[in-house]
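Asker:
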Ligand code: NAD
């Protein structure tokens with residue numbers, strides 16, 4: 009157990025304004041592994057002031073120099089790669105191998121990408137008799153969730169810094185230790201004081217203070233739709249820019265000509281990865297009625313294999329929530345073919361990899377985001393039926409289509425109301441824009457689109 013002190017504000021670790029702390033718990037064994045200060049509105053205000061004061065200097069820094077600082081940040085993160093992986097495993101519970109490749113490796117690569125993009129992006133262009141300047145939006149308030157602790161931080165901070173914005177980060181209360189490692193890397197990378205600031209704290213206090221702060225120009229939030237809606241309302245009232253990356257209920261559509269075994273196995277792996285705590289997870293598998301029983305049997309076998317390999321969910325509240333959903337699914341008529349609501353282990357917030365069959369589109373488990381290792385399998389009659397079901401939720405973040413040939417899969421994918429679709433097992437691409445249609449959010453992260461979120465245009469006419 010380690011008591012971590014201070015907030016990273018204006019280029020140094022400074023004492024928190026209040027005395028309250030947040031206990032960080034290892035979800036695999038329920039032990040408290042550390043504490044961090046619980047920030048107040050006062051800490052947030054100090055951080056926003058520092059970010060505001062640093063803005064003129066950083067926004068006027070030549071892009072090549074910003075790129076050099078971002079490259080140094082990437083290197084500082086890479087030097088901490090193993091520590092990052094171990095820290096994510098300790099506070100989130102994900103298996104170490106997954107923490108290494110996904111939780112540490114991917115955001116380091118994304119940081120490197122933005123270092124490159126900052127150096128090459130065209131911040132000025134000619135349009136007719138105008139010169140259009142792409143200028144930084146200003147001070148960014150970034151509020152991140154716990155499910156991919158470092159990825160969510162880098163996906164906001166790296167493009168914001170590349171654009172010339174300054175940042176105040178309020179990370180999730182469950183995973184603040186990874187955020188502190190990130191701040192340490194920023195410090196080592198030699199970014200000017202105030203360009204990046206960290207305030208740990210709980211959402212309704214520090215998070216809300218950041219979203220409401222009049223000197224924050226853009227709020228970028230990832231998390232639940234309920235909180236996202238509030239942040240959108242706060243930003244709307246203040247005519248402040250806002251980016252929201254919210255929940256999902258993505259469909260994995262398996263068309264009749266597809267390689268069924270592969271589509272089902274990859275689909276199950278997609279849901280169970282990170283214990284189901286992925287906003288883009290394909291939590292609804294849609295299978296033609298003629299192949300339904302075979303798909304259910306394959307999915308049940310695949311899920312059973314994850315029994316020993318899956319980590320816990322993040323905390324007791326999340327475990328209770330996931331169990332409630334499983335019970336609700338069964339109560340509404342779904343058939344449990346793998347896993348279930350019981351505890352697979354004595355200690356730790358574990359949930360068995362669960363598969364629900366005979367799920368129909370109106371059931372709660374087919375409509376609401378569960379955020380746990382739970383797959384619902386739905387039956388469709390024909391392609392139009394599959395499309396209706398796939399598009400029949402309030403969400404539209406991701407999805408998958410499997411078909412006998414690529415053109416057929418692409419034609420179907422083009423009709424899905426969703427921000428991303430993986431075709432026949434296409435791999436996640438951190439350079440592709442990521443974000444939601446419908447209530448899955450506003451704005452895009454990652455790649456060049458992720459950078460433009462942090463820019464505003466000014467046109468000069470000649
Ligand atoms: P949350 O929305 O409560 O928390 C996300 C972030 O927002 C955290 O940093 C939190 O401190 C902050 N926050 C909370 N209340 C706030 C407020 N009033 N003002 C400002 N900031 C506030 O999400 P959660 O409780 O961590 O998870 C709940 C559910 O959210 C999950 O079960 C899942 O459905 C969804 N979720 C989605 C994603 C995603 O990537 N889209 C990530 C995590 C959670």
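Numbering (the working numbering), first residue to last: 9 to 470.
The beta carbon of each residue, even a glycine, is placed where N, CA and C say it ideally should be.
Since we're looking at a predicted model, the values are computed, not measured.
(1) If you drop the 5 nearest sequence neighbours on each side, which residues of the same chain put their C-beta closer than 7 Å to that of residue 63?
(2) Can you find the residues in the same chain that come closer than 7 Å, C-beta to C-beta, to residue 196, ignoring five residues on each side of it along the sequence?
(3) Which of the three DSSP states, helix, strand or coil, is assigned to residue 298?
(4) Assess contact between the segment 363-371 and the segment 216-230, defined as three or more Cβ pairs (one per stretch) separated by less than 8 Å. Is contact present?
(5) Who are residue 262's beta bridge partners in DSSP?
(6) Looking at the strands, I want to know which residues DSSP matches up with residue 149.
(7) So the alpha helix (DSSP H) residue 372 belongs to, where does it begin and stop?
(8) Please report the straight-line C-alpha distance between residue 180 and residue 151, rounded to a whole angstrom.
(9) What did DSSP end up calling residue 161 once you bin it into helix, strand or coil?
(10) Does the contact criterion of 3 or more C-beta pairs under 8 Å hold for the segment 301-310 versus the segment 122-142?
(11) CB of residue 348 to nearest heavy atom of the ligand NAD: below 6 Å?
(12) Is the separation between the beta-carbon of residue 82 and that of residue 123 shorter than 7 Å?
(13) Going along the chain, which unbroken runs of the alpha helix (DSSP H) with 4 or more residues stay wholly within the segment 21-49?
(14) Shorter than 6 Å, the distance from the beta carbon of residue 138 to the closest heavy atom of the ligand NAD, or not?
(15) Which residues in the same chain as residue 118 place their Cβ atom closer than 8 Å to its Cβ, once the five residues preceding and following it in sequence are excluded?
(16) Ignore the nearest five residues each way along the sequence and tell me which others in residue 50's own chain have a CB closer than 7 Å to its CB.
(17) Measuring only the C-alpha atoms, how far is residue 331 from residue 347?
(18) Count the other CB atoms, across all protein chains shown, that sit within 10 Å of the CB of residue 249; report buried if there are 16 or more and exposed otherwise.
(19) Going by other Cβ atoms of all chains shown within 10 Å of its Cβ, with 16 needed for buried, is residue 343 buried or exposed?
(20) Is the closest heavy atom of the ligand ATP to the C-beta of residue 151 under 6 Å?
(21) Kindly identify the DSSP beta-bridge partner or partners of residue 142.
(22) Can residue 402 and residue 447 be called in contact, C-beta distance under 7 Å?
(23) Taking the alpha-carbon positions, what's the residue 452 to residue 227 distance?
(24) In the DSSP assignment, the alpha helix (DSSP H) including residue 333 goes from what residue to what residue?
(25) Counting pairs of Cβ atoms below 8 Å between the segment 416-432 and the segment 460-468, do you hit three or more?
(26) Compare the beta carbon distance of residue 378 and residue 294 with 7 Å and say whether it is the shorter of the two.
(27) Can you check which of these residues, 100, 335, 199, 45, is closest to residue 38 by C-alpha distance?
(28) Tell me residue 368's beta-bridge partners as DSSP assigns them.
(29) Please work out which residues of its chain come closer than 6 Å, Cβ to Cβ, to residue 108, disregarding the five sequence neighbours upstream and downstream, and give them in chain order.
(30) Just to confirm my understanding: we take residue 371, look at its own chain, exclude 5 residues before and 5 after, and list those with CB closer than 6 Å. What are they?
(31) How about residue 287 and residue 405: do their beta carbons lie closer than 7 Å?
(32) Can you look up residue 249 in the DSSP assignment and give me helix, strand or coil?
(33) Which residues share a DSSP beta bridge with residue 133?
(34) Helix, strand or coil: how does DSSP classify residue 354 here?
(35) Grouping DSSP H, G and I as helix and E and B as strand, with all else coil, what is residue 420?
(36) At a cut-off of 6 Å, is residue 106 close to the ligand NAD when judged by its beta-carbon and the heavy atoms of the ligand?
Answerer: Quick answer:
(1) 146, 147, 174
(2) 84
(3) helix
(4) no
(5) 295, 410
(6) 176, 227
(7) 372-375
(8) 7 Å
(9) helix
(10) no
(11) no
(12) yes
(13) none
(14) no
(15) 159, 162, 163, 166, 438, 454
(16) 25
(17) 11 Å
(18) buried
(19) exposed
(20) The model depicted lacks the ligand ATP and carries the ligand NAD instead.
(21) 465
(22) yes
(23) 13 Å
(24) 324-339
(25) no
(26) no
(27) 100
(28) Its beta-bridge partners do not exist; DSSP assigns none.
(29) 93
(30) 340
(31) yes
(32) strand
(33) 140
(34) coil
(35) helix
(36) no
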